[in-house]
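Since the structure comes first, as structure tokens, the remarks are kept for the end.
In full-length UniProt numbering, the protein residues as written are 1 to 161.
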């Protein structure tokens, strides 16, 4: 498992120079025990700014999202062994694949990042929204000097038939 060292902490804070941080809230998501898809959809909503009344699809009004404990997410069913990530190297016959269980052992932050980015619209704002997403495998992060707000997941409601 990949451990977070001081270089990763510096690199996590280094990309903030390209983001205008004025007026942005810092939302902290605790992924411990959360279902991957539900967590990713809530993060995608906050990163896009859809939780604000001033949401406009052509403007990047989303907030900074810090996700902690990425190694402790849960999935339902048999997704740990049945869900497969594919990528191609560019060489003939080099289609690579890795199960969710193997990907969680290699880099658990990439699982959440891929789930969130697949829920964002594919347009020019996607890269800017990706920069506002900071994911850490453990509970330590370099943003202790920022005004962090813990995000409270909305309760699940069951529809009446």
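Beta carbons are placed, not taken as given, at the ideal position from N, Cα and C, and that holds for glycine.
By the criterion of a C-beta distance shorter than 6 Å, residue 63 is surrounded in its chain by 24, 25, 27 and 46, once the five residues flanking it on both sides are discounted. Taking all protein chains shown into account, residue 49 has 16 or more neighbouring C-beta atoms within 10 Å of its C-beta and is therefore buried. Within the region 19-65, the complete alpha helix (DSSP H) segments of 4 residues or longer fall at 36-48, listed in chain order. With at least 16 other beta carbons inside 10 angstroms of its own, residue 135 counts as buried. In this structure residue 35 touches residue 74 by the C-beta definition: roughly 6 Å separates them, less than 8 Å.
Separation of residue 106 and residue 85 (C-alpha to C-alpha, rounded to the nearest whole angstrom) is 13 Å.
For residue 150, the secondary structure class from DSSP, reduced to helix, strand or coil, is strand. Between the alpha carbons of residue 108 and residue 58 lies a gap of roughly 31 Å. Comparing alpha-carbon positions, the option among 96, 83, 119 and 150 lying closest to residue 104 turns out to be 83.
Residue nearest to residue 142 within the set 98, 41, 67 and 33 is 67 (criterion: CA-CA distance).
Assignment of residue 156 by DSSP, reduced to helix, strand and coil, places it in the coil class.
Going by C-alpha positions, residue 22 is about 13 Å away from residue 132.
The Cβ atoms of residue 113 and residue 60 lie no closer than 8 Å to each other. For residue 109, the enclosing alpha helix (DSSP H) starts and ends at 108-119. Taking 8 Å as the cut-off, the beta carbon of residue 32 is found closer than this to the beta carbon of residue 69. Counting only residues of its own chain and dropping the five nearest sequence neighbours on each side, residue 53 has no CB closer than 7 Å to any other CB.
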